[in-house]
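Numbering (full-length UniProt numbering), first residue to last: 1 to 361.
Note that beta-carbon positions come from the ideal geometry of N, C-alpha and C, so glycine has one too.
This report concerns only the one structure given below.
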């Protein structure tokens, strides 16, 4: 399940009508935005077999979700231990992992749709104190809108169930011209520091610094503010990568990275550094904040535009055999461009989120 709705907090202003229309127009536009967001979320949470909202959802090894009863019925005619995913056709074992958190999201959508079954029509029941009634209804709609926003954004977290990782930079690994902030959450390119020791951990060929935390299991998610930089690199690397000689940024050398390259002519291009050919990607808009998601057990490294959680690229089937570290490359300054830092930031939907809005306890 991937959420790519255009209904995001940054567009909340678009849900407010001009003041000329009064509270009634504001309420109507909010209601329309609410309905559109709910409908799109409903589509994303629909089982591809029965075409209904998930019931008792389970996840397959390939990452796709189905109702438990639907996938069991699809497979019951086969006696072997391996079966194909009805959606992607990949062969996978019959290990069905329940997703109780996704259940909470689905139930929240069911309740929201039930509430919307008898929508209020602007203009009715206007006797008494119409302006106060409109304001109360607009306030109620706004509260529901906020709830839907939480449902939408936390749905991403609930489906993947990652741990929000507390990532910091390790100055001992930083290339000599990289300056790490005292709080170890930001790095920028500056004058070369000639007094630094050439310790084994330090990169001496490329503008690279690693995170301090090693990951050898589990799921982890962090975000990096890239702002208006014209070049950068993010991802994860094996702890044993060559730090002193020429390397590629590809999986064959222990790197799983997404980069923005400055072409030197005033333009940049996004690439996923794969073992075959570098894969150019074309986001609908330049991401200002990038989310990195690591599922060590499944061998996945995924990248997202953290403002709306739209998918950028995923490395799958990585054969991790050792601890991996977060990778940061602010890239050189080119023709006076790209001087901004890379900054690790706290996700907007961190672990202290009000889960009751999505059906949690």
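Residue burial classification, residue i (beta-carbon count within 10 angstroms, cutoff 16)
i, result
"residue 145", "Confidence in residue 145 is poor, its pLDDT being 46 and thus under 50, which makes the residue's placement unreliable; the coordinate value appears in the next sentence. With 16 or more other Cβ atoms within 10 Å, it is buried."
"residue 234", "buried"
"residue 285", "exposed"
"residue 218", "exposed"
"residue 294", "buried"
"residue 344", "buried"
"residue 200", "exposed"
"residue 330", "buried"
"residue 72", "exposed"
"residue 287", "buried"
"residue 346", "exposed"
"residue 402", "Coverage of the chain is limited to positions 1 through 361, which leaves residue 402 absent and any answer about it impossible."
"residue 185", "buried"
"residue 336", "exposed"
"residue 367", "Any answer about residue 367 is impossible in this case: the structure gives the chain only from 1 up to 361."
"residue 139", "Any reading at residue 139 must be qualified, since the residue scores a pLDDT of 45, below 50, and its modelled position is unreliable; no value is offered."
Proximity of residue i and residue j at Cβ, strictly below 8 Å
i, j, result
"residue 180", "residue 169", "yes"
"residue 167", "residue 187", "no"
"residue 229", "residue 338", "yes"
"residue 96", "residue 69", "no"
"residue 60", "residue 85", "yes"
"residue 74", "residue 49", "yes"
"residue 322", "residue 240", "yes"
"residue 328", "residue 342", "yes"
"residue 258", "residue 303", "yes"
"residue 92", "residue 62", "yes"
"residue 190", "residue 340", "no"
"residue 207", "residue 177", "yes"
"residue 223", "residue 291", "yes"
"residue 88", "residue 66", "no"
Interface flag, residue i vs chain C, CB-CB below 8 Å
i, result
"residue 334", "Absent from the structure is chain C; it holds one protein chain and no more."
Beta strand (DSSP E) segment containing residue i, residue limits
i, result
"residue 92", "91 to 93"
"residue 198", "Counting along the chain, residue 198 falls outside any beta strand (DSSP E), and DSSP gives it neither H nor E."
"residue 270", "268 to 272"
"residue 235", "232 to 238"
"residue 281", "279 to 281"
"residue 300", "300 to 305"
"residue 289", "289 to 295"
"residue 46", "No beta strand (DSSP E) holds residue 46; DSSP gives it neither H nor E."
"residue 310", "310 to 315"
Residues that residue i bridges to, as DSSP identifies them
i, result
"residue 66", "58"
"residue 211", "169"
"residue 258", "234 and 272"
"residue 180", "187"
"residue 331", "DSSP lists no partner for residue 331."
"residue 84", "91"
"residue 224", "290 and 344"
"residue 111", "Answer by DSSP bridge pairing: none, since residue 111 is not bridged."
"residue 164", "221"
"residue 337", "334"
"residue 325", "237"
"residue 53", "46"
Cβ-heavy atom distance, residue i to the ligand MG, below 7 Å
i, result
"residue 168", "You won't find the ligand MG in this model; it holds no ligand whatsoever."
Same chain, Cβ closer than 7 Å to residue i, five either side skipped, listed in chain order
i, result
"residue 261", "231, 268, 269 and 271"
"residue 205", "244, 245 and 246"
"residue 265", "none"
"residue 111", "none"
Contact set for residue i: own chain, Cβ-Cβ below 8 Å, skip 5 residues either direction
i, result
"residue 283", "270, 305, 310 and 312"
"residue 318", "251, 256, 299, 300 and 301"
"residue 334", "230, 231, 262 and 264"
"residue 296", "215, 216, 217, 218, 219, 220, 320 and 324"
"residue 314", "300, 301, 302 and 303"
"residue 332", "189, 207, 231 and 338"
"residue 171", "180, 184 and 209"
Beta-carbon proximity list for residue i, same chain, < 6 Å, skipping 5 on both sides
i, result
"residue 279", "272"
"residue 316", "300"
"residue 193", "176"
"residue 90", "62"
"residue 174", "180 and 209"
"residue 98", "58"
"residue 55", "67"
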